[in-house]
Amino acid sequence: MTTRLLLVALAVLAAAPAAAQPSGAASCAGCHAAAGPVPGLEGRPAAEIAAAMAAFRSGERPATVMDRIAKGFSDDETRAIAEWLAGRQDHARP
Amino acid sequence: MPGRRAVLQGIAAGGAALWAPSVLGQGTARVVVVGGGFGGAGCARALRRRDVAVTLVEPEERFTACPFSNEVIAGLRDLDAQRFGYDGLRREGVEIVHRSATAVDARYRRVRLDDGTELAYDRLVLAPGIELRFDALPGYDQVAAEAMPHAWKAGAQTLLLRRQLEAMPDGGVVAIAAPANPFRCPPGPYERASLIAHYLKTRKPRSKLIVLDAKDAFSKQRLFQAAWEALYPGLLEWVPLSSGGRVTEVDAATRTLVTEFGSHRADVANVIPPQRAGAIAQAAGVADQTGWCPIDPVTFESRLQTGIHVIGDAAIAGAMPKSAFAANGQAQVCAAAIATLLRGEAPAEQKLVNTCYSLVAPGYGISVAGVYRPADGLLREVEGAGGTSPLDAPPEFREMEARYAEAWFETITGSVFG
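What follows is the structure in structure tokens.
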């Protein structure tokens, strides 16, 4: 019974950030995963993700494709995505 | 009854207490998803992770992915690397029914399967991909496709085209007929031309490849053409619409492609015919006179039938191309919208992204990206964002994009099927 309650609690926790998924965030996981040459983003500090996006947008940080994608998002949108990704630690690698 | 049975089976499955909808507040709402590709399987999984009870209807036991299937045709990859099962979805509590959906009663919200059973739904997601039109190009039907493969649905057709290339003697002529817009995977015919050219250059260098096109422009065109000039000079010829490239008729017996300006007899002919949304979309009444499905850009709900959502290649997604990446992004947005609608709330607008890689040779990748937002009832491209890889990039850049292409495939197939 305890296990079951715990599982339910975990499921609710896992579901909570999903409900607030900000605009654009659904697409990041298309390429970004915990393993492989494209770095995973979930659980990374929000400030780090937002700064990277700003640098991609300005062209300060070289990129193959993220420069083109970052230009499609405002600072506010980027911040919301970064905070959402940072809060998904429970989804990051075990 | 099957709807009820489906719910009961779901509860009986391992770990079901965790997902039992009554525990987690989505009531007993059930979503049926038709089509187990990047869109459908991705959406089913995303819905399940939002505690929605989901049944996925897909006739095949294993999905065969189209991205990277051009590498299979060119002998650079095994078809098995393209195949994925549904155990990952099953483990998370998605009920899988290996049947074809044949009809939809939108009014009473039921899907009929090919064994006569019916599934009740609160919301239906159709992700049927494409249907090849065997009525659109004179001479090209299902029988002709055995002699002149389309290879535009990965699987047996992919291997057939590969075997034909392998059997062709050096000095032969390969022809590709590319369709007018819209069609699945806009850069696909040109990636295929590139990789077949690579095969010919390395294995059968006296051969020729001709691309007969029903268009004057195509995706990543400048990048492709620059690469063709550098890598495959004199081997690959592209004939646009304005030079008589449109194929108007074919003859399978002689492998002849007839254009407005003449005819081409090929040793291997790859005919990519016009397409439309998969059959169930036509049967459900969600496709319009174009053969594709108009949708709301926020919820992906059909403009023609309430309670039915359409995602992926079958949908008219405005500026978004028909790609696996786009289908999977739409799947996530659609799942979030459905979960919100089931709670009786209004979904918020979401931006979407597309990134498409193509290989022009092993270790030589190029990409196109776009960011899209709902506007004027469509998905419109966000201005100032997106575009293709630079024309003047160094070889290391191309190599990196080839690696990222592979990484993307690993990631997306892992997240959808793993």
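From first to last, the protein sequence lines are chains H and X. Heads up, the first sequence is in the working numbering, so the first residue is 252 and it goes up one at a time. Heads up, the second sequence is in the working numbering, so the first residue is 62 and it goes up one at a time. Glycine included, each C-beta is placed from N, C-alpha and C at the ideal position.
Taking residue 288 of chain H as the query, report the chain X residues whose CB atoms sit under 7 Å from its CB, ordered along the chain.
In the first sequence, counting from the first residue as 1, residue 288 of chain H sits at position 37. By Cβ distance, chain X contributes 464, 465 and 468.
Can you give me the start and stop residues for the beta strand (DSSP E) that residue 370 of chain X sits inside?
Counted from its first residue, the second sequence places residue 370 of chain X at position 309. Note, residue 370 of chain X: beta strand (DSSP E), 369-371.
Boundaries (first-last residue) of the beta strand (DSSP E) holding residue 432 of chain X
Along the second sequence, one-based indexing puts residue 432 of chain X at 371. Residues 425-436.
Can you give me, in chain order, the residues of the region 409-422 of chain X that have a beta carbon less than 9 Å from any beta carbon in chain H?
409, 410, 411, 412, 413, 414, 415, 416 and 418
Tell me, which residues are paired with residue 356 of chain X by DSSP?
Your numbering for residue 356 of chain X matches position 295 in the second sequence. According to DSSP, residue 356 of chain X bridges with X:363.
Assign residue 169 of chain X to one of two classes, buried (16 or more other C-beta atoms within 10 Å of its C-beta) or exposed (fewer than that).
On the second sequence, position 108 is the one that residue 169 of chain X refers to. Looking at its Cβ environment, which holds fewer than 16 other Cβ atoms inside 10 Å, residue 169 of chain X is exposed.
Taking Cβ positions, are residue 103 of chain X and residue 331 of chain X nearer each other than 7 Å?
Here residue 103 of chain X refers to the residue found at position 42 when the second sequence is read from its first residue. Here residue 331 of chain X refers to the residue found at position 270 when the second sequence is read from its first residue. By the CB criterion at 7 Å, residue 103 of chain X and residue 331 of chain X fall outside the cutoff.
Taking 7 Å as the CB-CB limit, is residue 317 of chain X close to chain H?
As a first step, residue 317 of chain X is located in the second sequence; it is residue number 256 there, counting from the start. By this cut-off, residue 317 of chain X is not an interface position.
Assigned exposure category for residue 266 of chain X - 16 Cβ within 10 Å defines buried:
Here the question's residue 266 of chain X lines up with position 205 in the second sequence. With fewer than 16 other Cβ atoms within 10 Å, it is exposed.
Burial state of residue 162 of chain X (16 or more Cβ within 10 Å)
Residue mapping note: residue 162 of chain X aligns to position 101 of the second sequence, counting from 1. Buried.
Are the CB atoms of residue 416 of chain X and residue 284 of chain X nearer to each other than 7 Å?
To locate residue 416 of chain X, count along the second sequence from 1; it is residue 355. To locate residue 284 of chain X, count along the second sequence from 1; it is residue 223. Result no, Cβ atoms of residue 416 of chain X and residue 284 of chain X do not sit closer than 7 Å.
For chain H, find out if any of its Cβ atoms is closer than 7 Å to the Cβ of residue 386 of chain X; answer yes or no.
Here residue 386 of chain X is taken as the residue at index 325 of the second sequence, counted from 1. Closer than 7 Å to some Cβ of chain H, the Cβ of residue 386 of chain X qualifies, so yes.
Taking only beta-carbon positions, decide if residue 389 of chain X is within less than 7 Å of chain H.
Position 328 of the second sequence, counted from the first residue, corresponds to residue 389 of chain X. It does: the Cβ of residue 389 of chain X has a partner Cβ on chain H nearer than 7 Å.
Under a CB-based cut-off of 7 Å, is residue 281 of chain H close to chain X?
Looking up residue 281 of chain H in the first sequence gives position 30. True, the Cβ-Cβ gap to chain X drops below 7 Å.
If you run the structure through DSSP and keep just helix, strand and coil, what is residue 255 of chain X?
Numbered from 1 along the second sequence, position 194 holds the residue referred to as residue 255 of chain X. Reduced to three states, the DSSP call for residue 255 of chain X is helix.
Looking only at its chain, what residues have a beta carbon closer than 7 Å to the beta carbon of residue 477 of chain X, apart from the 5 residues adjacent to it on each side?
In the second sequence, the residue the question calls residue 477 of chain X occupies position 416. If we look at residue 477 of chain X and ignore the five residues flanking it on each side, its Cβ neighbours are 99, 102, 103, 106 and 389.
Would you mind giving the Cβ-Cβ distance between residue 176 of chain X and residue 160 of chain X, rounded to the nearest angstrom? I have them listed as a contact below 8 Å.
As a position in the second sequence, residue 176 of chain X is number 115, starting the count at 1. As a position in the second sequence, residue 160 of chain X is number 99, starting the count at 1. The pair is a contact, with the Cβ atoms about 6 Å apart (cut-off 8 Å).
Pairing CB atoms from the region 110-121 of chain X with CB atoms from the region 399-412 of chain X, are three or more of them under 8 Å?
yes
If you measure from the beta carbon of residue 315 of chain H to each beta carbon in chain X, is any gap under 7 Å?
Along the first sequence, read from residue 1 onward, the residue named residue 315 of chain H stands at position 64. Cβ-Cβ to chain X under 7 Å: yes for residue 315 of chain H.
If we ignore side chains and look at the alpha-carbon of each, how far apart do residue 422 of chain X and residue 268 of chain X end up?
Along the second sequence, read from residue 1 onward, the residue named residue 422 of chain X stands at position 361. Along the second sequence, read from residue 1 onward, the residue named residue 268 of chain X stands at position 207. Going by the C-alpha atoms only, they are around 17 Å apart.
Sheet register partners of residue 325 of chain X (DSSP bridge):
Taking the first residue of the second sequence as position 1, residue 325 of chain X is located at position 264. Beta-bridge pairing links residue 325 of chain X to X:318.
Give a yes or no on whether 7 Å exceeds the smallest Cβ distance from residue 474 of chain X to chain H.
Taking the second sequence and counting its residues from 1, the one referred to as residue 474 of chain X is at position 413. Chain H, which has no Cβ nearer than 7 Å to the Cβ of residue 474 of chain X, makes this no.
I'd like to check one pair, residue 247 of chain X with residue 382 of chain X: are the Cβ atoms closer than 7 Å?
Walking along the second sequence from the start, residue 382 of chain X turns up at place 321. Walking along the second sequence from the start, residue 247 of chain X turns up at place 186. A contact, by the Cβ cut-off of 7 Å.
Contact list for residue 309 of chain H against chain X, beta-carbon separation under 7 Å:
Within the first sequence, the letter at position 58 stands for residue 309 of chain H. Those within 7 Å of residue 309 of chain H in chain X number zero; the least Cβ separation is about 13 Å.
In whole angstroms, what is the alpha-carbon distance linking residue 83 of chain X and residue 154 of chain X?
On the second sequence, position 22 is the one that residue 83 of chain X refers to. On the second sequence, position 93 is the one that residue 154 of chain X refers to. Its pLDDT being 36, under 50, residue 83 of chain X is placed unreliably in this model, and the value from its coordinates should be taken loosely. Computed Cα separation, rounded: 14 Å.
So if I threshold CB-CB distances at 9 Å, which residues from the region 280-309 of chain X count as touching chain H?
none
Answer yes or no: does any C-beta atom of chain H fall closer than 7 Å to that of residue 51 of chain X?
With chain X running from 62 to 479 in the structure shown, residue 51 of chain X is simply not present.
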